Amino acid sequence: MNNKRLVNILFLFPTVFAFVMIIVVPFFFGLYYSLTDWNGVSPNINFIGFKHYMNLFTLPDFLHSFVITIAFTAINVILVNIVSFSLSLIVTSNLKLRNFYRAGFFVPYLIGGIVLGYIWQFLFNNIFLAIGDSLSIGFLQASFLSKPDTVIWAMSVVNTWQYSGYLMLIYVASIQSIPASLMEAAQVDGAPYLKRVIHILIPMMANAFTISLFLTLTNSFKLFDMNFTLTNGGPATRFLGTPVKASQMFAMNIVDTAQANKMAEAQAKAVVLFLTLVIVALIQVTINKRKEVEM
Amino acid sequence: MKKVLSLLLMVMLATAVYAGGQQGDKDMADGGDVTVTMFQLKVEIKDALDAYAAKYSEMTPGVTVKVETLGGGADFGGAMKAKAQAGEMPDIFVIEGKGGYDVWKDYIANLDDQPWLKDTDLAFMVDGSAYGFPVAIEGYGLAYNADILAKAGIDPATLTTRSAYEKAFMTLEAKKDELGIDAPVAMAASVAGGMWWVAGQHNLAAYWGGGLDFNDTSVIEEALAGKMDEPRFREYAKYVQLLFKYADQNILLNGSYDDQVGSFAQGKTAFLHQGNWVDPNMKQLGVTFKMGYAPHAFTEKPQTGLYLFAPSWYCVNSQSPRAEEAKAFLTAMATTADGQSYIVNEAGMIPAFKSVEIKPTGQLSQALMAANAKGGNYGVFFGMLPDGAGQNVFGPIYDLFAQNQDDLEQFIADMKDAFAQLPNM
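Protein sequence lines, in the order shown, are assigned to chains A and B. 1 is the number of the first residue of the first sequence in full-length UniProt numbering; add one for each residue after it. 1 is the number of the first residue of the second sequence in full-length UniProt numbering; add one for each residue after it.
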C-alpha cells in the first residue's frame, strides 16, 4: 500500500466516522423504533410492525400538517426565489452602494430562526396592531398570526425575509460567472433588458436555480424553528371535522407527538417526512438538471 | 491495510483513555464531595431555589446541590429524556402527575420512610406508597382586582353563580371608560401564545371537579371511558362562552402569559384567569391594589370553592448513587426553618406541610390559604388525562371556540368527540 492511500484514509476518517455515528446509525435505529411501541424512556420495547404507519393516515392533525407543509413549501419556493433573484439583479447592476445592499440583504440570514421568530411575532402581534389601532386600518387590527387563513402567508413573508439574502448570494455568484460579452452582444443587437434577462441570464444560470430551488424546497419542508417561535402551531382551525393547529407544520407535528411520549409514532412520522422529502427533492433536481446548459 | 487498522485502533484507544482519565480527574478534584443535581421547571422560583441550594451546600459539608431550571413552556420532558439517554439523569427531578410517573417509574425512588411524609396530605402516592415530594400547594379561581370591583359597585362575595358573573361582566363592560379598563377579563386560550393550558387544563378542570367533593374523580373517569355528562358540560360551556365574550380579545386569541398577567397588573382588566403563581409577577410589577379569588362558578347552584392541587412533585432518582443525599436535601426543605422560609418567603409558595407556620406574603396565595382553611374546595384532575390530550386535542378546540364564540353547539360537539377519543390515546 502506498503512502498516498494511507493519507487519504486518515483524512477521510473523522468525517466518515462522524457521519456514520451521527447520521447512519441513528437512522437505522429510528427505522427500528418506528416499528415498536417505545415511549422514549421505558426499557420495555415491543415490536408492533407497521401499525403506526397505517394509523398515520387516519389522523386529522397529521394529514393537516402534511397539507399545510406542502402549501407552505409551494408558496415559499416561488416567493423566496422571485425575491432573491430580483435582489441579485439589483445588486449586480450599476447601483451606488451595492456592496452595502448585498450585506444588508444577507444580514437576516445571520439571525437564528428562534430570535427571528420572536422578533416577527412582536411585530405582528404588537407593532402592526398598534399601527392598525392608531390609524384605524381595519385589516391590521387583528394579528395576522391569529387568523387561520393568513398565518401561513405571515410565515412565508418571514421566511422570505430570512432566506432571500442567502439565495441572493448564490444567484450573484452565478451571474458574475457569466461572461459579460454575452449580455453586451445582445445589448448591441438591441435586445431590451428584460429580454436579455429572460433569454440569456436565466438559461445561463440554470444550475444556480437547481441549487436554490433545492435549498428552499428542503428548508421549507423541514422548517421547525421559525414555526415554533413565530406561531407555535396556532391558531386553531377545522380540518376533516376536527379542530387542529392551523400552522403546525410537519416537523412540529413530529415534535408534538414526541412530547406526548409517543416516541415510536413520532419516529414513524419522521420516516414518512424523510421519504416524502427524498422523492420530492429527487423529482425537482431531475427536472432542473435537464434545463441546465454547459458553456 | 493492517498498519492502517492498527493505527486507527490506537487513535481510538488513546481517545477513550483520555476521556476516561478526565472523568477520573474530575472526581478526584472534588475531594470526595458529592454533587446532587436537581432539574426542575418552575422558572418563577429559579432564583430563590438557587439561593437556597447554595445555602444548603454551604451548611452541609461534603454535599453540593446544583439546580438546573428549564421552563416557561420549554420541553422539560424532552430535556429529561435527553439527559436519561446521555446517562446524566438528575438526582432530583419533577413529575407533574400520573403521566410523568408512568414514564419515569423505573427511576423513581420510594419515599415511604421520609420524615416529612406524615406532615402532608399531598405526597404523590401510588398504591399507598409515597413517590413524590409535593413542591407546593397551588390553586386558582378567578382573580379579581378589588379596587376596580368596588368602584363598579360589585361585591366579589356575590360571585357564586353564572348569572351573577354575567351581571358583573355586563356592569364592567358598560363602565369600561369610567373604570379605565380594556375589558372585564384577562384570559388566554391561544395555542400560538402557548396558553392552551389556561383553558384546556385549568378551566376545563372546573368541569372535572367543580361543585364536587375534593376527591371525587367520577366526572373525569367517565370522560376517560369516552363519555360526557352533557347537561353538566352544557352549563360549563356557557360559562366558558361568558369568559371568552368578556375577555380582551387580543389576549384571548394571541396573548402570551406576560400579556395576560401584565394587563391585569396594570389595571386594564378586572379579572385574571391565573393561579397564585402570579404572586411573584405581581410583586415584580409593583402591584399595589387589593386582590382576591372568586370561584369559577359555572352553574346556577352556588359554588364557593377554589381549585387546589399539588401541581408537581420532586422525585428522587432511585438509580443514583447520591439518592440518600438527595432525600436529605428534600427533608431539610420540608423540616428546617431555612427550608420552610425558602418555600414561603423566598419562593412565595404555599407549603404542602401542615406544621409550617409562616404565611406567604402574596395576596393570592393568602386567599388560597384562607380558602384551604375554610374547606369546601375542589380538586384539580387534569393530571389524570393521557399525555398530549391538553396540548394537542383540547387546546385547539378552545382556540377555535374563542375564534367562533357564538357556536356553543359546535364547541360541545367537538369536546364530545374529543372525550370519545380519550380511551384510545
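Glycine included, C-beta positions come from ideal geometry on N, C-alpha and C. These numbers come from a predicted model, not from an experiment.
- Taking 8 Å as the upper bound for CB-CB distance, S146 of chain A and L253 of chain B are in contact here, some 4 Å apart.
- Following the DSSP letters along the chain, one finds V356 of chain B in no alpha helix (DSSP H), marked with neither H nor E.
- If one requires a minimum length of 3 residues, the beta strand (DSSP E) runs lying completely within the segment 232 to 269 of chain A are 236 to 239, 242 to 245, in chain order.
- Within the segment 119 to 135 of chain A, the residues whose Cβ lies closer than 8 Å to some Cβ of chain B are N125, L129, listed in chain order.
- Using a Cβ-Cβ cut-off of 7 Å, L179 of chain B does not count as an interface residue toward chain A, since no Cβ of chain A sits closer than that to its own.
- Judged by DSSP in its simplified three-state form, S320 of chain B adopts coil rather than helix or strand.
- Rounded to whole angstroms, the Cβ separation of P423 of chain B and L204 of chain B is 18 Å, and the two are not in contact under 8 Å.
- The DSSP assignment places complete beta strand (DSSP E) segments of no fewer than 3 residues inside the segment 271 to 329 of chain B at 291 to 294, 307 to 309, 313 to 316, in order along the chain.
- S220 of chain A places its beta carbon less than 7 Å from that of F72 of chain A.
- With fewer than 16 other CB atoms across the displayed protein chains lying within 10 angstroms of its CB, M54 of chain A is exposed.
- The contact set of I397 of chain B on chain A, defined by CB atoms closer than 8 Å, consists of A236, P243 in chain order.
- Per DSSP, K55 of chain B is one residue of the alpha helix (DSSP H) stretching across 46 to 59.
- If you draw a straight line from the Cα of E222 of chain B to the Cα of Q319 of chain B, it comes to about 37 Å.
- A distance below 7 Å separates the beta carbons of N76 of chain A and T216 of chain A.
- T231 of chain A has a beta carbon lying within less than 7 Å of a beta carbon in chain B.
- Secondary structure note for I92 of chain B: its beta strand (DSSP E) is the uninterrupted segment 92 to 95.
- Looking only at B:D258, B:W197, B:K81, the smallest Cα-Cα distance to S42 of chain A is reached by B:K81.
- G388 of chain B reaches chain A at D256, T257, Q259, A260, N261, K262, counting residues in chain order whose Cβ is nearer than 8 Å.
- In this structure, B:M349 is the residue among B:A402, B:M349, B:Y307, B:K151 with its C-alpha nearest to the C-alpha of K46 of chain B.
- One alpha carbon belongs to M195 of chain B, the other to Y257 of chain B, and they sit about 7 Å apart.
- For Y109 of chain A, the enclosing alpha helix (DSSP H) has its first and last residue at 98 to 110.
- G165 of chain A: member of the alpha helix (DSSP H) spanning 151 to 177, first to last residue.
- Rounded to whole angstroms, M282 of chain B and A270 of chain A show a C-alpha spacing of 43 Å.
- Residues of the segment 404 to 423 of chain B with a C-beta atom less than 8 Å from some C-beta of chain A are D414, D417, listed in chain order.
- DSSP places G395 of chain B outside any beta strand (DSSP E); the residue lies instead in the alpha helix (DSSP H), whose first and last residues are 395 to 403.
- Taken in chain order, the whole beta strand (DSSP E) runs of length 3 or more contained in the segment 129 to 167 of chain B are 129 to 134, 138 to 140, 142 to 145.
- DSSP, read as helix, strand or coil, puts G379 of chain B in strand.
- Excluding the 5 residues flanking it on each side, G138 of chain A has no same chain C-beta neighbour closer than 7 Å.
- When DSSP states are grouped into helix, strand and coil, I137 of chain A belongs to the coil group.
- The Cβ atoms of A189 of chain B and A402 of chain B lie closer than 7 Å to each other.
- Contact annotation for L145 of chain A against chain B: A192, N254 [CB-CB distance below 7 Å, chain order].
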